[in-house]
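Numbering (UniProt numbering), first residue to last: 1 to 289. All C-beta atoms, glycine included, are put in the ideal place defined by N, C-alpha and C. The block underneath contains the structure these notes are about, expressed in C-alpha coordinates.
Right under this line is the structure:
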(Lines of atoms letter the chains of each structure in order from A and count residues from 1; the text may use other names and numbers.)
(Lines give C-alpha, C1' and ligand atoms only; values in the text may rest on other atoms or scores of the structure.)
Protein backbone atom coordinates (compact mmCIF):
# COMPACT_ATOMS: atom_id res chain seq x y z
CA UNK A 1 0.00 0.00 0.00
CA UNK A 2 1.39 3.36 -1.03
CA UNK A 3 0.80 6.66 0.71
CA UNK A 4 0.46 8.41 4.06
CA UNK A 5 -1.83 7.36 6.92
CA UNK A 6 -2.84 9.77 9.69
CA UNK A 7 -4.74 9.11 12.89
CA UNK A 8 -7.67 11.50 13.34
CA UNK A 9 -9.84 12.11 16.40
CA UNK A 10 -11.05 15.70 16.17
CA UNK A 11 -8.73 16.90 18.95
CA UNK A 12 -6.44 19.92 18.39
CA UNK A 13 -3.44 17.58 18.48
CA UNK A 14 -4.94 15.32 15.82
CA UNK A 15 -5.91 18.34 13.70
CA UNK A 16 -2.26 19.47 13.74
CA UNK A 17 -1.22 15.99 12.62
CA UNK A 18 -3.82 16.02 9.85
CA UNK A 19 -2.60 19.39 8.55
CA UNK A 20 0.99 18.15 8.55
CA UNK A 21 0.04 14.86 6.88
CA UNK A 22 -1.75 16.70 4.07
CA UNK A 23 1.39 18.69 3.27
CA UNK A 24 3.54 15.57 3.50
CA UNK A 25 1.27 13.60 1.15
CA UNK A 26 1.32 16.48 -1.32
CA UNK A 27 5.14 16.62 -1.28
CA UNK A 28 5.23 12.88 -1.97
CA UNK A 29 2.49 13.07 -4.61
CA UNK A 30 0.89 10.27 -2.62
CA UNK A 31 -2.64 9.53 -1.37
CA UNK A 32 -3.66 10.26 2.21
CA UNK A 33 -5.78 7.94 4.33
CA UNK A 34 -7.37 9.46 7.44
CA UNK A 35 -8.20 6.81 10.03
CA UNK A 36 -10.61 7.35 12.92
CA UNK A 37 -10.91 4.56 15.46
CA UNK A 38 -14.41 4.02 16.85
CA UNK A 39 -16.12 1.56 19.12
CA UNK A 40 -19.90 1.55 18.81
CA UNK A 41 -22.28 1.20 21.73
CA UNK A 42 -23.50 -2.21 22.74
CA UNK A 43 -27.08 -3.33 22.64
CA UNK A 44 -28.20 -1.33 19.60
CA UNK A 45 -30.02 -2.74 16.62
CA UNK A 46 -27.97 -3.43 13.47
CA UNK A 47 -29.59 -0.61 11.51
CA UNK A 48 -28.96 1.82 14.38
CA UNK A 49 -25.33 0.72 14.52
CA UNK A 50 -24.93 1.37 10.80
CA UNK A 51 -26.47 4.82 11.22
CA UNK A 52 -23.98 5.65 13.96
CA UNK A 53 -21.12 4.32 11.85
CA UNK A 54 -22.19 6.50 8.93
CA UNK A 55 -22.32 9.56 11.21
CA UNK A 56 -18.74 8.91 12.30
CA UNK A 57 -17.72 8.67 8.67
CA UNK A 58 -19.44 12.00 7.96
CA UNK A 59 -17.60 13.51 10.93
CA UNK A 60 -14.29 12.26 9.53
CA UNK A 61 -15.04 13.60 6.06
CA UNK A 62 -15.88 16.98 7.61
CA UNK A 63 -12.52 17.01 9.43
CA UNK A 64 -10.74 16.21 6.18
CA UNK A 65 -12.60 18.98 4.37
CA UNK A 66 -11.83 21.48 7.14
CA UNK A 67 -8.13 20.61 7.03
CA UNK A 68 -8.06 21.00 3.25
CA UNK A 69 -9.60 24.45 3.53
CA UNK A 70 -7.38 25.40 6.47
CA UNK A 71 -4.14 24.42 4.73
CA UNK A 72 -5.06 25.08 1.12
CA UNK A 73 -3.58 21.66 0.28
CA UNK A 74 -5.62 19.13 -1.67
CA UNK A 75 -4.55 15.53 -2.31
CA UNK A 76 -6.22 12.26 -3.17
CA UNK A 77 -7.69 11.18 0.16
CA UNK A 78 -9.78 8.48 1.76
CA UNK A 79 -11.66 8.32 5.06
CA UNK A 80 -11.58 5.10 7.04
CA UNK A 81 -13.56 4.34 10.18
CA UNK A 82 -11.78 1.53 12.01
CA UNK A 83 -13.82 -0.31 14.59
CA UNK A 84 -12.09 -1.56 17.70
CA UNK A 85 -8.90 -0.78 19.59
CA UNK A 86 -7.30 2.46 18.30
CA UNK A 87 -3.73 1.14 18.42
CA UNK A 88 -4.58 -2.01 16.52
CA UNK A 89 -6.64 -0.04 14.00
CA UNK A 90 -3.78 2.33 13.22
CA UNK A 91 -1.22 -0.46 13.04
CA UNK A 92 -3.42 -2.41 10.64
CA UNK A 93 -4.04 0.64 8.45
CA UNK A 94 -0.33 1.48 8.34
CA UNK A 95 0.92 -1.80 6.95
CA UNK A 96 3.11 -1.27 3.88
CA UNK A 97 2.60 2.51 3.80
CA UNK A 98 5.25 5.18 3.32
CA UNK A 99 4.52 7.01 6.58
CA UNK A 100 2.19 6.97 9.58
CA UNK A 101 1.42 10.33 11.22
CA UNK A 102 0.19 10.79 14.79
CA UNK A 103 -0.61 13.83 16.88
CA UNK A 104 -2.11 12.58 20.10
CA UNK A 105 0.22 14.15 22.60
CA UNK A 106 -0.49 16.21 25.68
CA UNK A 107 1.61 18.92 27.29
CA UNK A 108 3.23 17.88 30.54
CA UNK A 109 5.54 19.61 33.00
CA UNK A 110 8.60 21.58 31.83
CA UNK A 111 7.45 21.61 28.20
CA UNK A 112 7.47 17.84 27.96
CA UNK A 113 5.01 16.34 25.48
CA UNK A 114 3.98 13.02 26.96
CA UNK A 115 3.06 10.33 24.48
CA UNK A 116 -0.44 8.99 25.08
CA UNK A 117 -0.92 5.25 25.43
CA UNK A 118 -2.12 4.85 21.84
CA UNK A 119 0.70 6.90 20.30
CA UNK A 120 3.31 5.19 22.45
CA UNK A 121 2.16 1.70 21.46
CA UNK A 122 1.92 2.58 17.78
CA UNK A 123 5.38 4.20 17.68
CA UNK A 124 6.90 1.15 19.34
CA UNK A 125 5.16 -1.45 17.17
CA UNK A 126 4.74 0.12 13.72
CA UNK A 127 6.97 -1.23 10.98
CA UNK A 128 6.57 1.90 8.84
CA UNK A 129 8.24 5.20 9.75
CA UNK A 130 6.10 7.15 12.23
CA UNK A 131 5.99 10.94 12.55
CA UNK A 132 4.62 12.43 15.76
CA UNK A 133 3.52 16.03 15.26
CA UNK A 134 3.85 18.46 18.13
CA UNK A 135 0.93 20.90 18.52
CA UNK A 136 2.00 24.41 17.63
CA UNK A 137 2.70 26.20 20.92
CA UNK A 138 1.45 29.69 21.62
CA UNK A 139 4.12 32.37 21.15
CA UNK A 140 6.19 30.40 18.65
CA UNK A 141 7.45 33.50 16.84
CA UNK A 142 11.11 32.88 17.69
CA UNK A 143 11.03 29.44 16.13
CA UNK A 144 9.22 30.87 13.10
CA UNK A 145 12.12 33.30 12.63
CA UNK A 146 14.66 30.49 12.81
CA UNK A 147 12.76 28.32 10.34
CA UNK A 148 12.28 31.26 7.98
CA UNK A 149 15.97 30.84 7.14
CA UNK A 150 14.95 27.82 5.06
CA UNK A 151 13.64 24.30 5.62
CA UNK A 152 15.93 21.99 7.57
CA UNK A 153 15.81 18.30 8.39
CA UNK A 154 17.91 17.11 11.34
CA UNK A 155 18.97 13.49 11.68
CA UNK A 156 20.79 11.80 14.52
CA UNK A 157 23.76 9.67 13.44
CA UNK A 158 25.61 7.12 15.57
CA UNK A 159 26.56 4.53 12.88
CA UNK A 160 24.13 1.91 14.22
CA UNK A 161 21.94 0.13 11.68
CA UNK A 162 18.90 2.00 12.95
CA UNK A 163 20.53 5.41 12.57
CA UNK A 164 21.74 4.55 9.07
CA UNK A 165 18.14 3.90 8.06
CA UNK A 166 17.20 7.23 9.64
CA UNK A 167 19.98 8.97 7.68
CA UNK A 168 18.73 7.51 4.40
CA UNK A 169 15.15 8.49 5.23
CA UNK A 170 16.20 12.04 6.09
CA UNK A 171 18.21 12.31 2.88
CA UNK A 172 15.13 11.32 0.88
CA UNK A 173 13.11 14.04 2.63
CA UNK A 174 15.80 16.63 1.89
CA UNK A 175 16.00 15.58 -1.76
CA UNK A 176 12.22 15.70 -2.15
CA UNK A 177 11.61 18.98 -0.34
CA UNK A 178 14.80 20.91 -1.02
CA UNK A 179 15.51 21.17 2.71
CA UNK A 180 19.00 21.33 4.14
CA UNK A 181 19.99 18.04 5.77
CA UNK A 182 21.84 18.45 9.06
CA UNK A 183 23.52 15.23 10.18
CA UNK A 184 24.22 15.48 13.91
CA UNK A 185 26.83 13.27 15.55
CA UNK A 186 26.87 13.72 19.32
CA UNK A 187 29.89 12.38 21.12
CA UNK A 188 31.16 12.08 24.67
CA UNK A 189 34.38 10.56 25.92
CA UNK A 190 32.37 7.86 27.65
CA UNK A 191 30.63 6.91 24.39
CA UNK A 192 33.77 6.46 22.29
CA UNK A 193 36.19 3.57 22.53
CA UNK A 194 39.75 4.31 23.69
CA UNK A 195 41.87 5.56 20.82
CA UNK A 196 44.48 3.16 19.45
CA UNK A 197 47.85 3.80 21.07
CA UNK A 198 46.46 5.50 24.17
CA UNK A 199 47.77 4.41 27.59
CA UNK A 200 44.64 4.91 29.62
CA UNK A 201 44.98 8.65 30.04
CA UNK A 202 42.47 11.03 28.43
CA UNK A 203 43.94 12.41 25.18
CA UNK A 204 43.13 15.93 23.98
CA UNK A 205 39.50 16.50 23.07
CA UNK A 206 40.45 17.50 19.54
CA UNK A 207 41.67 13.95 18.93
CA UNK A 208 38.32 12.57 20.02
CA UNK A 209 36.51 15.13 17.90
CA UNK A 210 38.59 14.10 14.90
CA UNK A 211 37.70 10.48 15.55
CA UNK A 212 34.00 11.40 15.78
CA UNK A 213 34.28 13.42 12.58
CA UNK A 214 35.69 10.41 10.75
CA UNK A 215 32.82 8.25 11.94
CA UNK A 216 30.28 10.81 10.73
CA UNK A 217 32.00 10.99 7.34
CA UNK A 218 31.98 7.19 7.11
CA UNK A 219 28.26 7.06 7.91
CA UNK A 220 27.41 9.69 5.28
CA UNK A 221 29.48 7.88 2.67
CA UNK A 222 27.98 4.48 3.54
CA UNK A 223 24.44 5.84 3.30
CA UNK A 224 24.92 6.79 -0.35
CA UNK A 225 23.80 10.41 0.09
CA UNK A 226 24.18 12.42 -3.12
CA UNK A 227 23.09 15.86 -1.91
CA UNK A 228 25.15 18.85 -3.08
CA UNK A 229 27.54 20.26 -0.45
CA UNK A 230 25.40 23.35 0.17
CA UNK A 231 22.47 21.11 1.13
CA UNK A 232 24.36 18.96 3.63
CA UNK A 233 25.48 20.11 7.07
CA UNK A 234 27.79 18.09 9.31
CA UNK A 235 27.41 18.89 13.00
CA UNK A 236 29.62 17.47 15.75
CA UNK A 237 28.38 18.14 19.27
CA UNK A 238 30.13 17.32 22.54
CA UNK A 239 27.05 16.39 24.58
CA UNK A 240 24.50 13.61 24.94
CA UNK A 241 22.69 12.55 21.74
CA UNK A 242 19.25 13.43 23.10
CA UNK A 243 20.32 16.92 24.21
CA UNK A 244 22.03 17.59 20.88
CA UNK A 245 18.97 16.62 18.84
CA UNK A 246 16.55 18.50 21.08
CA UNK A 247 18.68 21.64 20.74
CA UNK A 248 18.86 21.22 16.96
CA UNK A 249 15.08 20.74 16.75
CA UNK A 250 14.51 24.41 17.63
CA UNK A 251 15.72 25.42 14.16
CA UNK A 252 14.39 22.38 12.28
CA UNK A 253 11.23 21.46 10.42
CA UNK A 254 11.57 17.85 11.49
CA UNK A 255 13.95 15.55 13.32
CA UNK A 256 14.58 11.99 12.18
CA UNK A 257 15.84 9.33 14.59
CA UNK A 258 16.35 5.60 14.50
CA UNK A 259 14.17 3.50 16.75
CA UNK A 260 17.22 2.25 18.63
CA UNK A 261 20.83 3.34 18.75
CA UNK A 262 24.09 1.77 19.81
CA UNK A 263 23.09 1.76 23.45
CA UNK A 264 19.84 -0.15 22.97
CA UNK A 265 18.91 -3.70 23.88
CA UNK A 266 16.89 -6.03 21.68
CA UNK A 267 14.15 -6.15 24.28
CA UNK A 268 13.68 -2.38 24.07
CA UNK A 269 11.48 -1.50 21.12
CA UNK A 270 12.13 2.24 21.41
CA UNK A 271 15.49 3.52 22.58
CA UNK A 272 15.90 6.10 25.34
CA UNK A 273 17.28 8.73 22.95
CA UNK A 274 14.35 8.35 20.57
CA UNK A 275 11.86 8.60 23.41
CA UNK A 276 13.48 11.73 24.88
CA UNK A 277 13.51 13.41 21.47
CA UNK A 278 9.85 12.51 20.95
CA UNK A 279 8.94 14.08 24.28
CA UNK A 280 11.00 17.28 24.16
CA UNK A 281 11.69 18.19 20.51
CA UNK A 282 10.30 21.51 19.27
CA UNK A 283 9.23 20.12 15.87
CA UNK A 284 7.74 16.94 14.36
CA UNK A 285 9.81 13.82 14.98
CA UNK A 286 10.03 10.83 12.64
CA UNK A 287 11.07 7.45 14.07
CA UNK A 288 12.52 5.02 11.54
CA UNK A 289 13.16 1.32 11.97
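Item to complete: Check each candidate in 2, 218, 274 and name the one with the smallest Cα separation from residue 240.
Response: Among 2, 218, 274, the Cα nearest to that of residue 240 is on 274.
Worksheet item: What is the DSSP secondary structure of residue 282, counted as helix, strand or coil?
Response: Residue 282 falls in the coil class under three-state DSSP.
Practice prompt. Could you tell me if residue 271 is buried or exposed, where buried requires 16 or more neighbouring beta carbons within 10 angstroms of its beta carbon?
Written response: Buried.
Discussion item. For a minimum of 3 consecutive residues, which ranges assigned as the beta strand (DSSP E) are wholly contained in the segment 47 to 128?
Written reply: Here the runs fully enclosed are 77 to 83, 99 to 102, 105 to 107, 113 to 115.
Worksheet item: In whole angstroms, what is the alpha-carbon distance linking residue 231 and residue 28?
Response: Roughly 19 Å separates the two Cα atoms.
Item to complete: Please determine, among 41, 216, 64, the residue with the shortest C-alpha to C-alpha distance to residue 53.
Response: Nearest of 41, 216, 64 to residue 53, Cα basis: 41.
Worksheet entry | Sequence-distant residues of the same chain with beta carbon closer than 6 Å to residue 19, five excluded per side | Cβ within range, chain order: 67, 71.
Fill in: Length of the line joining the Cα atoms of residue 247 and residue 50
Our two residues, residue 247 and residue 50, have alpha carbons roughly 49 Å apart in a direct line.
Discussion item. I need the DSSP call for residue 18, collapsed to helix, strand or coil.
Written reply: In the displayed model, residue 18 falls within a helix according to three-state DSSP.
Worksheet item: For the putative contact between residue 175 and residue 215, defined by C-beta atoms under 8 Å, what is the C-beta separation to the nearest angstrom?
Response: For a cut-off of 8 Å, the C-beta gap from residue 175 to residue 215 is around 23 Å, too long to register as a contact.
Fill in: Rounded C-alpha distance that separates residue 181 from residue 13
Approximately 27 Å, taken between the alpha carbons.
Discussion item. For residue 221, report the span of its alpha helix (DSSP H) as first-last.
Written reply: Following the DSSP letters along the chain, one finds residue 221 inside the alpha helix (DSSP H) bounded by residues 205 to 223.
Item to complete: Note down the Cα distance separating residue 279 from residue 75, rounded to an integer number of angstroms.
Response: Approximately 30 Å between the Cα atoms of the pair.
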